[in-house]
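This report concerns only the one structure given below.
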Amino acid sequence: MTPQPGRGQVFRTALGSSALFAAGFFAAWVVKDMGLAAGARFPVRDDGLGPGAVLLVLLLLAALAFVSLMRAFFRLANGLGAQIANLEENAARLSGVLEQMASGVLVVDADGRVVLVNRAFEQLNGVSRDRVIGRSYKEAVRSMDLARLVERVFRRREPAHDELRWTFPRERILDVHAVPFRRGTTGALVGVVAVLHDITEIRRLEQVRREFVANVSHELKTPVTSLKGFAETLLDGAMYDEKTCRAFLEIIYEESERLSRLIQDLLQLSQIENRQITLRKGLLSARDEVADVVRLVAHTAEAKRQTVENRVPEGLRVYADRDRLRQILLNLLNNAIAYTPPGGRITLTGGEDADSTWLTVRDTGPGIPREHLDRIFERFYRVDKDRSRRSGGTGLGLAIVKHLVDAHGGRIEVKSKPGKGSAFTVHLPKPEGTEGETGDR
Ligand SMILES: Nc1ncnc2c1ncn2[C@@H]1O[C@H](COP(=O)(O)OP(=O)(O)OP(=O)(O)O)[C@@H](O)[C@H]1O
Ligand SMILES: [Mg+2]
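Now the structure itself:
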């Protein structure tokens, strides 16, 4: 980069040029005087050469001074141009960064007028920037809490930090830092800058974790309390009555089974979540996999006089890890059998679209009310708690199914209406490069 002339340099050049000009003038004057004096003593021919030469020298020097002054001005003008371009580039870079920031930024001047907001702030505040710039922050900011925080910074002249809950335009939890903005040299207050981080998702996840711990404790407490109670009653004398002793031991056995199932399910969920399971995916015959799982539950379905029908087309291929796919289907089938009353019908169908293969488990059970549909994939969520517990459910089955389907890069859907049965459909992506192939049926 070429060094740009500063104001000092231009000043020096101007001074130099003026000195040069003055010196020239002085020299010319002296020469002229000498000429006049010499002319008095030795009268020269009056051919006009004397004063003409003086004028020429004078003009030459003046032109020289002018040229060097102009050069300095041009260099200054160029330098200023480059500096302005530089400043503009920096400003563009800064506003680009501000615009791309995920956090909201609000800048208020010393009179309390909004001078800058970025896109994130615009969205959080729900008002376009041209309606807030230039207005008092108390009117421009929709949250009273934020206005109060900014006011506090103006009053106390020190940084402030708070967690604010916004209900409008959307429900949000914001972590806000507001700081006074001072002029570098004098330290005078120029305004206040507030930065808003959206921490809604973090707080939601913390809440989920808290609920999960509470749920696990509750789920573990129930069977443990019952184990303890029955064991105590047995020890208190019930063990001497053979019939009671057997009945209680059976309950103890069932409860311990449930406890171990719960612990296994929890371990498995945490393994899937921590990506500790590796999927060995391959192209499988969907119909054969369904047939194997149906065989596993045939006995339970028969006991309830339910019919289970495999209508998955021959030749339909599904790209999945065999054990995990069976686990998914087994969970869905077990639910269908458990929640469908005796004599019901359970049907399994399958098909494919451009990029995935789907399998559906449909039952003629009670269906799931609409308000529960979004939540049944959550851990421990049950529509009818007592009924699910009675059937030995842990409330983790569908959570595991969802995680396994996600691990395959697929998705699960449920369609259900109370009284009209339920249909759970799993979509699993086809292997890369085979999209659109129909396969043999
Ligand atoms: N086919 C279905 N018909 C009606 N309700 C169902 C059906 N499948 C699931 N549900 C509802 O969704 C809830 C969650 O199911 P999920 O499989 O996760 O847990 P669970 O069956 O109670 O216990 P488990 O962990 O042993 O499977 C069930 O408690 C039940 O209320
Ligand atoms: Mg279940």
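Here the numbering used here = 1-based position in the sequence shown + 33.
All residues carry an ideal CB built from backbone N, CA and C; glycine is no exception.
This structure is a prediction, so every number in the text was calculated from the model and none was measured.
(message) Counting C-beta neighbours from all protein chains within 10 Å, is the total for Glu-516 16 or more, i.e. buried, or is it exposed?
(response) A question about residue 516 goes unanswered here, because the residues of the chain that appear run from 34 up to 474.
(message) Comparing C-alpha positions only, which one of Leu-300, Tyr-273, Thr-255 sits nearest to Glu-287?
(response) When only C-alpha atoms are compared, the closest one is Thr-255.
(request) Provide the residue span of the beta strand (DSSP E) that contains Asn-343, from first to last. (result) Looking at the DSSP string, the run of the beta strand (DSSP E) that includes Asn-343 is 340-343.
(message) On the criterion of 16 or more Cβ atoms from any shown chain inside 10 Å, does Glu-322 qualify as buried, or is it exposed?
(response) Under this definition Glu-322 is a buried residue.
(message) I need the straight-line Cα distance from Val-330 to Phe-263, nearest angstrom please.
(response) Roughly 31 Å between the two C-alpha positions.
(request) Can you grab the Cα-Cα spacing for the pair Arg-205 / Val-351, in whole Å? (result) Going from the Cα of Arg-205 to the Cα of Val-351 covers about 42 Å.
(message) What residue range does the beta strand (DSSP E) around Glu-196 cover?
(response) Start and end: 193-199.
(message) Please determine whether the Cβ atom of Gly-426 lies at a distance below 7 Å from any heavy atom of ligand 2.
(response) It does: the Cβ of Gly-426 is within 7 Å (strictly closer) of some heavy atom of ligand 2.
(request) In angstroms with no decimal places, state the Cα-to-Cα distance between Leu-182 and His-460. (result) Roughly 49 Å between the two C-alpha positions.
(request) Assuming Tyr-372 contacts Pro-399 (C-beta within less than 8 Å), just tell me the rounded distance between them. (result) About 6 Å separates the two Cβ atoms, so the contact holds.
(message) Which residues does DSSP list as the beta-bridge partners of Ser-169?
(response) DSSP lists Arg-146 as partners of Ser-169.
(request) Measure how close the beta-carbons of Glu-385 and Leu-358 come, nearest whole angstrom, since I'm counting them as under 8 Å. (result) 15 Å between Cβ atoms; not a contact.
(request) Return the CA-CA distance between Ser-389 and Ser-455, expressed in angstroms with no decimal places. (result) In this structure, the CA atom of Ser-389 is about 22 Å from the CA atom of Ser-455.
(request) Using 7 Å as the cut-off, classify the Cβ of Leu-362 as near or not near the heavy atoms of ligand 2, replying yes or no. (result) Checking the Cβ of Leu-362 against ligand 2 gives no.
(request) Tell me whether Asn-248 counts as near ligand 2, meaning its Cβ is closer than 7 Å to at least one heavy atom of that ligand. (result) Because no heavy atom of ligand 2 lies under 7 Å away, the Cβ of Asn-248 does not count as near it: no.
(request) Report yes if the CB atom of Leu-365 is closer than 8 Å to the CB atom of Val-434, and no otherwise. (result) It is a contact, given that the beta carbons lie within the stated cut-off.
(request) List the whole-angstrom C-beta distance separating Val-147 from Arg-168, where the pair is believed to meet the contact cut-off of C-beta under 8 Å. (result) At roughly 6 Å, the Cβ-Cβ gap stays under 8 Å, so Val-147 and Arg-168 are in contact.
(message) Let me confirm a value: Glu-252 is counted as buried when at least 16 other C-beta atoms fall within 10 Å, else exposed. Which label applies?
(response) Its Cβ being crowded by 16 or more others within 10 Å, Glu-252 is buried.
(request) Would you check if there are 3 or more beta carbon pairs closer than 8 Å linking the stretch 148-161 to the stretch 219-231? (result) Yes, the stretch 148-161 touches the stretch 219-231.
(request) Evaluate Lys-463 with the Cβ neighbour count: other Cβ atoms within 10 Å of its Cβ, from every protein chain shown; 16 or more gives buried, anything less gives exposed. (result) By the C-beta density criterion, Lys-463 is buried, having at least 16 other C-beta atoms within 10 angstroms.
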